[in-house]
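Chains as they are written, first to last, in our numbering: chain A, -8 to 320; chain B, -8 to 320.
Don't be surprised by glycine CBs; every beta carbon is placed ideally from N, CA and C.
From a predicted model like this one, the values you see are computed outputs, not experimental measurements.
The structure appears right after this line, and notes come after that.
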């Protein structure tokens, strides 16, 4: 294992300390591994809390800030945070208007966020949850009943965060979060595996000229392995998979997301192929190209597509100021 | 070679087409491989042109936009663009106030930008150049007489771009660019090599537990190879090297830059160590943590430090709106 770390046991806390040092707009509770915006709670504002295993940076901590999340809980690499962390985060951001939990569909996250919501309810905090399950690759997966939650999480956090910033009530914020999830689909591809520091070796093995189609963000198996192909053919497989699950028409928000170890020049090549694929079928009205939900140093990419409405586009465009996503303020 | 590409011959044009598709604010001349801001030239504004080999994305094309570059020329991967490209870019952004060429110190870039400046002069365009040479690792290098130009390029482009946006004259824009370079130092470390698509194999080989200290952004040899160490020790070597060349005191702008294949979680760990190292010696007044000047899928990082003045800090904070760097507008 070749990593820029001090020790496998301190990866998450060292990285959180680095985030604290880099971003004065964030308040980092190293003991509880909770990142909140400075100035929380905001009175009368629905608080947005997400979290999950580490190793997917900038998700989730990098999306804490104006117009997006109020707090994020960091688990160990690829391991769910515990309910106590989620409760700390929920209490920290409760400004009296309730809290929305944005939960990726992995069994550990689902159970722990559910328990945290109960604990918060006991303390008189109203909590709603949205479960993100946008990955069309496989029906059930290694850590998941139903579909995995992947790239749409970024869209949900951004769009629901924008609505919460306008002081919309919890029911509306939860509804738009669910709507974004329902209108979004993803599919991922791995060229190489990442390595979990505590495991010390790659999560899976691929041959020199082999790729995995439908990979999960923790290296969960996809649909099939295939020979390395031109980007155009890989993207066609990805888009066919998405398009067979949701009509690719109208105005789309498209993210070409790097898995952590793929350089930006290759992501732009992939985006070009997505753009070619969609030409004449739909309009890419908004896009993101870069590393947003990663899998340690995995080489590969995913595509996430959201069918926009005018309202969703307008919320997407709203100002956001986080380490991982920033515009317009 | 395992890459998300169509063919080694089309890497640069496919990626440029992807940038064009992703960023409507840019105008991409695929034939000449020149990226300019839409709306160029801006009357009365000094035009900022940079460029170099591809494979360092987001540098340079990703830094074209409000408050930073007016145009960038893309060469083949790790290969200088040619004078004709630079001339096209220079003419495209000449709004009557002259053009500044931001040139990283590699022999090919130096020669080609010099020729382009002559050609532009023949056409009545005033051109100044700043040569960036911030890498303290080695005195001469594989493609360089003198020090290599690396991370400080990002600082030069941002700060000179901010001053040009205010319609400062060419002499002042060139002077601040030179000042930023003089006040900046960098040092890079490789954990793995990147692969140039046309070469088809890694540029260099490192053993399983071996790193290269002082690596160049094209894989040029550094000072020494060493055993893989904790991030804290690697960062100490990096900062000692920088600190032995420039006093680390006062207000600093610090970039912890990923080489392309290193995940963000590790970059935050490195930033934390830089922050610890500097504690009690200097203040990190501004920072960047992420992939800004990469070397294809190389795993590794570099640190760039600029000793700020109040003026430089204020120009750093000025609004910028590019694909790779965006804030405050």
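Are residue 120(B) and residue 91(B) touching if we call contact CB-CB under 9 Å? Yes, the Cβ-Cβ distance between residue 120(B) and residue 91(B) is below 9 Å.
Under 9 Å, Cβ to Cβ, is there at least one residue of chain B near residue 238(A)? No, residue 238(A) does not count as interfacial toward chain B.
Hey, residue 2(B) and residue 26(A) are a contact pair by Cβ (cut 8 Å); roughly how many whole angstroms apart? Actually they are not in contact, since the Cβ atoms of residue 2(B) and residue 26(A) sit about 37 Å apart, beyond 8 Å.
Which chain B residues are close to residue 49(A), counting only those with a beta carbon under 7 Å from its beta carbon? Neighbours of residue 49(A) on chain B, chain order: 255.
So with Cβ pairs under 9 Å, would you call residue 314(B) a contact of chain A? At least one C-beta of chain A is nearer than 9 Å to the C-beta of residue 314(B).
Tell me where the alpha helix (DSSP H) around residue 151(A) begins and ends. Element bounds for residue 151(A): 143 to 156.
Just to confirm, are residue 73(B) and residue 94(B) a CB contact at a threshold of 9 Å? Going by C-beta atoms, residue 73(B) is not nearer than 9 Å to residue 94(B).
For a contact defined as C-beta to C-beta under 7 Å, what are the partners of residue 321(B) on chain A? Residue 321(B) lies beyond the stretch modelled for chain B, which goes from -8 to 320, so this question has no answer here.
Is any beta-carbon of chain A found at less than 9 Å from that of residue 209(B)? No, no contact with chain A.
By Cβ distance below 8 Å, which residues in the same chain neighbour residue 192(B) in space, the five residues on each side in sequence not counted? The residues are -8 and 186.
Length of the line joining the Cα atoms of residue 254(A) and residue 284(A): Those two C-alpha atoms are separated by around 14 Å.
Near the ligand ZN: residue 148(B) beta-carbon under 8 Å from a heavy atom: The ligand content of the structure shown is nil, which means the ligand ZN is not present either.
Is the separation between the beta-carbon of residue 238(B) and that of residue 157(B) shorter than 9 Å? Not in contact: residue 238(B) and residue 157(B) (Cβ atoms no closer than 9 Å).
List, in chain order, every chain B residue whose beta-carbon is nearer than 7 Å to that of residue 223(A). Neighbours of residue 223(A) on chain B, chain order: -3.
Hey, does residue 339(A) have any beta-carbon neighbour from chain B nearer than 9 Å? It is not possible to answer for residue 339(A), since the shown part of chain A is limited to -8 through 320.
Assign residue 49(A) to buried or exposed, taking buried as 16 or more other Cβ atoms, counted over all protein chains shown, within 10 Å of its Cβ. It counts as buried.
I'd like the list of long-range same chain contacts for residue 140(A), defined as Cβ closer than 6 Å, with 5 residues on each side in sequence excluded. Within the same chain, residue 140(A) has close Cβ partners 95, 96, 123 and 124.
Would you please verify whether the beta carbon of residue 84(B) is less than 9 Å from any beta carbon of chain A? False, the Cβ-Cβ gap to chain A never drops below 9 Å.
Mapping DSSP to helix, strand and coil, what is residue 163(A)? Residue 163(A) carries a helical assignment under DSSP once its states are collapsed to helix, strand and coil.
Name the chain A residues whose beta carbon is nearer than 8 Å to that of residue 262(B)? Under the 8 Å cutoff, chain A gives 9, 12 and 13.
So what does residue 65(B) bridge to, in DSSP terms? Answer by DSSP bridge pairing, in chain order: 43(B).
In chain order, which continuous runs of the alpha helix (DSSP H) of length 4 or greater are located wholly inside the region 63 to 142 of chain A? Runs of the alpha helix (DSSP H) inside the region 63 to 142 of chain A: 74 to 84 and 98 to 113.
Using a C-beta cutoff of 9 Å, does residue 135(A) count as contacting chain B? Not flagged as an interface residue toward chain B: residue 135(A), since no C-beta distance is shorter than 9 Å.
Are residue 172(B) and residue 145(B) touching if we call contact CB-CB under 9 Å? No.
Does DSSP put residue 208(A) in a helix, in a strand, or in coil? DSSP places residue 208(A) in coil when its eight states are reduced to three.
So, helix, strand or coil for residue 222(B), using DSSP? Helix.
What are the residues in the region 275 to 294 of chain B lying within 8 Å of chain A by C-beta distance? Under the 8 Å Cβ criterion, the region 275 to 294 of chain B contributes 275, 278, 280, 282, 285, 287, 288, 290, 291 and 292.
By the 9 Å beta-carbon criterion, what residues does the region 172 to 185 of chain B contribute toward chain A? Correct list: 180, 182, 183 and 185.
Would you tell me roughly how many angstroms separate the C-alpha atoms of residue 235(A) and residue 199(B), rounded to the nearest one? Distance from the CA atom of residue 235(A) to the CA atom of residue 199(B), rounded to whole angstroms, is 43 Å.
Taking Cβ to Cβ, would you say residue 258(B) is nearer than 9 Å to residue 249(B)? Residue 258(B) is a Cβ neighbour of residue 249(B), given a cutoff of 9 Å.
For the region 146 to 170 of chain B, which residues have a CB atom closer than 8 Å to at least one CB atom of chain A, in sequence order? Within the region 146 to 170 of chain B, no residue places its CB atom closer than 8 Å to a CB of chain A.
Which one or two residues does DSSP pair with residue 18(B) in a beta bridge? Partner(s): 27(B).
Touching by the beta-carbon criterion (3+ pairs, under 8 Å), the region 279 to 294 of chain B and the region 202 to 217 of chain B: Yes, the region 279 to 294 of chain B touches the region 202 to 217 of chain B.
9 Å Cβ cutoff met for residue 12(B) and residue 278(A): The answer is yes: Cβ separation under 9 Å.
Beta carbon of residue 60(B) nearer than 9 Å to that of residue 179(B): Contact flag unset, no.
List, in chain order, every chain B residue whose beta-carbon is nearer than 8 Å to that of residue 199(A). The contacting residues are -7.
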